[in-house]
Amino acid sequence: MRPIETADRLKLRELLDGGLEQGHIWPAFQPIVSIRTGAIAGFEVLARRGDPQAGDISPAIFIPRLEHHGLIGKLSDALIDKACRAAANWPGSFSLAFNISPLQLTSADFPRHLAELVSATSFPLTRVDLEVTEGSLISDDDLALTILRDIDGLGMRVSIDDFGTGHSSLARLEAFPFQKLKIDARFVHGLGDDAGKRRIAAAVIGLGQSLGMTVVAEGVESDEEAAILQELGCQQGQGWLYSKAVPAEQAKRLLETRGTEVAAEPLDTSPFQRMHQLATLYDQVPIGLCFLDTNHRYVRVNERFARIHGLTPEELEGRTIDEVMHGELLETVVDILNDVKSRDEPITHETILQGRSCMVMHSRVTDIAGEDIGFSVLTIDVTEETRLREALAGSERRLQRELDFVEAIFRSLPGIFYYYDHEMRLKRWNTAHERVAGYSDAELQDADPLVFFVEEERQQISDAMQEVFTLGQSQTEAHLLTKDGKRIPYLFTGVRFEHEGRTGLVGSGQDISESKRVEQALRENAAILEAVIENSSDGLLLVDPDRNRIIQNRRFNEIWNIPPELAAGPHDRSQFDHVTAQVRNRDVFVARVVWLETHPDETSSETIERLDGSLIQRHTAPLYDSDGCYRGRIWSFREIAPVENNT
Ligand code: C2E
Ligand code: CA
Ligand code: CA
Numbered sequence: 079m080r081p082i083e084t085a086d087r088l089k090l091r092e093l094l095d096g097g098l099e100q101g102h103i104w105p106a107f108q109p110i111v112s113i114r115t116g117a118i119a120g121f122e123v124l125a126r127r128g129d130p131q132a133g134d135i136s137p138a139i140f141i142p143r144l145e146h147h148g149l150i151g152k153l154s155d156a157l158i159d160k161a162c163r164a165a166a167n168w169p170g171s172f173s174l175a176f177n178i179s180p181l182q183l184t185s186a187d188f189p190r191h192l193a194e195l196v197s198a199t200s201f202p203l204t205r206v207d208l209e210v211t212e213g214s215l216i217s218d219d220d221l222a223l224t225i226l227r228d229i230d231g232l233g234m235r236v237s238i239d240d241f242g243t244g245h246s247s248l249a250r251l252e253a254f255p256f257q258k259l260k261i262d263a264r265f266v267h268g269l270g271d272d273a274g275k276r277r278i279a280a281a282v283i284g285l286g287q288s289l290g291m292t293v294v295a296e297g298v299e300s301d302e303e304a305a306i307l308q309e310l311g312c313q314q315g316q317g318w319l320y321s322k323a324v325p326a327e328q329a330k331r332l333l334e335t336r337g338t339e340v341a342a343e344p345l346d347t348s349p350f351q352r353m354h355q356l357a358t359l360y361d362q363v364p365i366g367l368c369f370l371d372t373n374h375r376y377v378r379v380n381e382r383f384a385r386i387h388g389l390t391p392e393e394l395e396g397r398t399i400d401e402v403m404h405g406e407l408l409e410t411v412v413d414i415l416n417d418v419k420s421r422d423e424p425i426t427h428e429t430i431l432q433g434r435s436c437m438v439m440h441s442r443v444t445d446i447a448g449e450d451i452g453f454s455v456l457t458i459d460v461t462e463e464t465r466l467r468e469a470l471a472g473s474e475r476r477l478q479r480e481l482d483f484v485e486a487i488f489r490s491l492p493g494i495f496y497y498y499d500h501e502m503r504l505k506r507w508n509t510a511h512e513r514v515a516g517y518s519d520a521e522l523q524d525a526d527p528l529v530f531f532v533e534e535e536r537q538q539i540s541d542a543m544q545e546v547f548t549l550g551q552s553q554t555e556a557h558l559l560t561k562d563g564k565r566i567p568y569l570f571t572g573v574r575f576e577h578e579g580r581t582g583l584v585g586s587g588q589d590i591s592e593s594k595r596v597e598q599a600l601r602e603n604a605a606i607l608e609a610v611i612e613n614s615s616d617g618l619l620l621v622d623p624d625r626n627r628i629i630q631n632r633r634f635n636e637i638w639n640i641p642p643e644l645a646a647g648p649h650d651r652s653q654f655d656h657v658t659a660q661v662r663n664r665d666v667f668v669a670r671v672v673w674l675e676t677h678p679d680e681t682s683s684e685t686i687e688r689l690d691g692s693l694i695q696r697h698t699a700p701l702y703d704s705d706g707c708y709r710g711r712i713w714s715f716r717e718i719a720p721v722e723n724n725t
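With my numbering applied, the sequence shown covers 79 to 725.
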């Protein structure tokens, strides 16, 4: 099938030959970069025709003419040869991509021819990509398929170019050995502003990835487009954002500045893949999941979600919410959906569905550019949790009441009560602390116990506390130092407290200032009393109910000639014997005393005659304390002058 040589063709061929020879027609290199890193994965070689008069002429104009006259092969060969030779020594394992015209795919010999052509340049065959457009595959499927398979078999790679503009059938995409898919620039420009383009881009990227192809976006002009493409899982980009097609020298410099990166095995993060992963998840998680579109239609639901409505996923998908829910529930859901549209956070509410308590979470779903595409609904069956929570709340309430009760008792106790942890920091106290010592709760929290004592008692207190931890308990008297500097005598009792591995000290302090005062008064009274007794002109002897001497005065010792050793001696009968030995009617006297000692209430007086004839007036009375309690007996003795007339 040789083209007919016409005058027109002849002229064009001469032009082409001349152009190639003189360098008016030359290969330009446009980098194809990794969107993530910006490193160069390869270059697309684009034909440039720099007409000295007309400047650059777009290949879009001259290529169809060359194709028309069957001269495209000649141009292609020349460009491949020039580009491969130029790039053979550039650093890195970047690839070179060449555009192949549909006509070239009609010659079965083409693959071998190409291989020879490239091999002659010492650029590795394995780094050559051939871009074919969808359109070039329409005519003779079988031959084109054979040719592309041969190319693939020779180690070169084939990319599908301008994807989205032609009519590739999915079957063809599968059948042909494409390793790369180039999304046409028309779906890339303005990706940020056009949801339709985003949907196509997302679908194409997903399609390419699920077929294991590297996806390249053409015509990337802005950072926003690059960001969206990356988010959608597109690995490589080509466009003015990175660089226009440049002459060989410049291309080499680009390699040096950007570095190279061979395309990694495509990581399948496409929406398609995600859908599959999600679909699996959808059916396995113990959570009801649903995706609603903006028209409130169930697009995708899992088994569990459908069951909540008493349906199967197949029955639910495709319906709108108002076909499934009614009345108040429907109103609530519609309100929530309207509400959640203006928020970034999900709205969560609890409701009863099919007799089960469910936590339902509605979120707004947007695409990468922030445009609403629907809602996600997530339901968690919390029936069991709710039951447990309620049961727990019941026992918690009871426990709390108990605690409040104990706390109330604790707080109203008159003494001060406290709990120190093992680091000796005050953790709990009752209100008396505040009332007595004048410290605020904030001041008491974590307070060091020593601040409540004067300097000279601090050692004693710390010893006592130490004792609690070593011996288990301790008691000490010390002065509580109030905030305004008053010192109040207190009796402190502390015990070691252990609970669930924690050790501390619980203790109480009793105000003993009253008993101290009483004790003091008593001591004074006793001293006065003693002085009175001691100096009485009567001989006095006080005995307790057991007949032990409590006190006897000087005059008593004089009257009865008690020697000092006997006066200070033991409480036995020896003093009594010493006294009775001086009495004339001894037996009567002794019997009388014994009778009185066994009759505490009796009061009596008598006159006793001593052996020497002297007379003594004896008087005795029981001793009762202020409570009416028998405390012993007082005996008084007075010497009386003998009544002379009577003798
Ligand atoms: P193509 O294969 O789709 O090449 C990409 C075209 O997009 C190139 O135009 C390139 O310069 C342009 N382009 C690259 N980045 C951007 C960008 O960010 N924004 C815009 N608006 N355009 C960008 P060019 O060089 O005019 O080529 C036009 C078409 O001519 C090519 O489209 C390709 O189909 C064809 N072509 C170019 N060189 C050859 C060749 O050597 N052989 C064959 N058979 N066809 C070629
Ligand atoms: Ca191309
Ligand atoms: Ca293209």
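For glycine and all other residues, C-beta sits at the position ideal for the given N, C-alpha and C. Computed from a predicted structure; not experimentally measured.
The count of Cβ pairs closer than 8 Å, one atom from the region 317-331 and one from the region 272-287, stays below three, leaving the stretches out of contact. With the criterion CB distance below 5 Å from any heavy atom of ligand 2, the matching residues run Asn177, Glu209 and Asp239 along the chain.
Rounded to the nearest whole angstrom, the CA to CA distance from Ala486 to Tyr498 is 20 Å.
Using a Cβ distance threshold of 8 Å, Gln551 and Arg565 do not count as a contacting pair. Taking C-alpha positions only, Asp262 is separated from Gly311 by approximately 16 Å.
In the structure shown, Pro105 adopts extended strand secondary structure according to DSSP, grouped into three states. Residue pairing of Gly493 in beta bridges, as defined by DSSP: absent, with no partner found.
Check the Cα spacing between Ile158 and each of Asp240, Ile694, Trp318 and Val123: the tightest is with Val123. Not a single heavy atom of ligand 3 lies less than 7 Å from the C-beta of Glu303.
Between ligand 1 and Ile150, a heavy atom-to-CB distance of less than 7 Å is present. At a threshold of 7 Å, Ala125 counts as near ligand 1, since its beta carbon sits closer than that to one of the ligand's heavy atoms. Apart from the 5 residues on each side of it in sequence, Ile278 sits with its Cβ closer than 8 Å to the Cβ of Gly242 and Phe265 in its chain, given in chain order. In the three-state reduction of the DSSP assignment, Pro325 falls in the coil class. Within the same chain, Gly297, Val298 and Glu299 come within 6 Å of Gly317 by CB-CB distance, once the 5 residues on both sides are set aside.
Per the Cβ contact rule, the region 170-178 is in contact with the region 189-209 (3 or more Cβ pairs under 8 Å).
A straight line joining the alpha-carbon of Val584 with that of Asp482 spans about 19 Å. Residue pairing from DSSP places Pro700 in a beta bridge opposite Arg711. Secondary structure of Thr429 (DSSP, three-state): strand.
Counting other Cβ atoms within 10 Å of its Cβ, Ala556 reaches 16 or more and is therefore classed as buried. His146: member of the alpha helix (DSSP H) spanning Pro137 to His146, first to last residue.
Taking 8 Å as the upper bound for CB-CB distance, Leu90 and Leu144 are in contact here, some 7 Å apart. In the three-state DSSP reduction, Met543 falls in the helix class (H, G or I). A distance criterion of 7 Å places the beta-carbon of Gly297 in contact range of ligand 1, judged by its closest non-hydrogen atom. In this structure, DSSP gives Ile628 an extended state, which the three-state scheme calls strand. Per DSSP, reduced to three states, the secondary structure at Arg503 is coil, with no helix or strand assignment.
Taking a cut-off of 8 Å on C-beta distances, the region 610-620 touches the region 706-721, as three or more cross pairs fall below it.
Under DSSP, no beta-bridge partner is assigned to Tyr320. Separation of Glu501 and Glu302 (C-alpha to C-alpha, rounded to the nearest whole angstrom) is 60 Å. Taking a contact to require three or more Cβ pairs closer than 8 Å, the region 533-552 and the region 445-462 do not qualify as touching.
At a Cβ-Cβ threshold of 8 Å, Arg250 and Leu215 count as neighbours. The region 357-409 is shown to contain whole alpha helix (DSSP H) runs of 4 or more residues at 381-386, 391-394 and 399-402, in chain order. Its chain contains Gly617, Ile637, Ile694 and Arg696 as the residues whose beta carbon lies nearer than 6 Å to that of Phe715, once the 5 sequence neighbours on both sides are disregarded; these appear in chain order. Apart from sequence neighbours up to five positions away, the residues of its chain that approach Val294 with a beta-carbon distance below 8 Å are Ile110, Ser237, Lys258, Leu259, Lys260, Ile261, Cys312, Gln313, Gln314, Gly315 and Gln316, ordered along the chain. Residue pairing from DSSP places Lys258 in a beta bridge opposite Ser237 and Thr292. A distance below 6 Å between beta-carbons, with the five flanking residues on each side excluded, links Ile451 to the following residues of its chain, in chain order: Val443 and Asp445.
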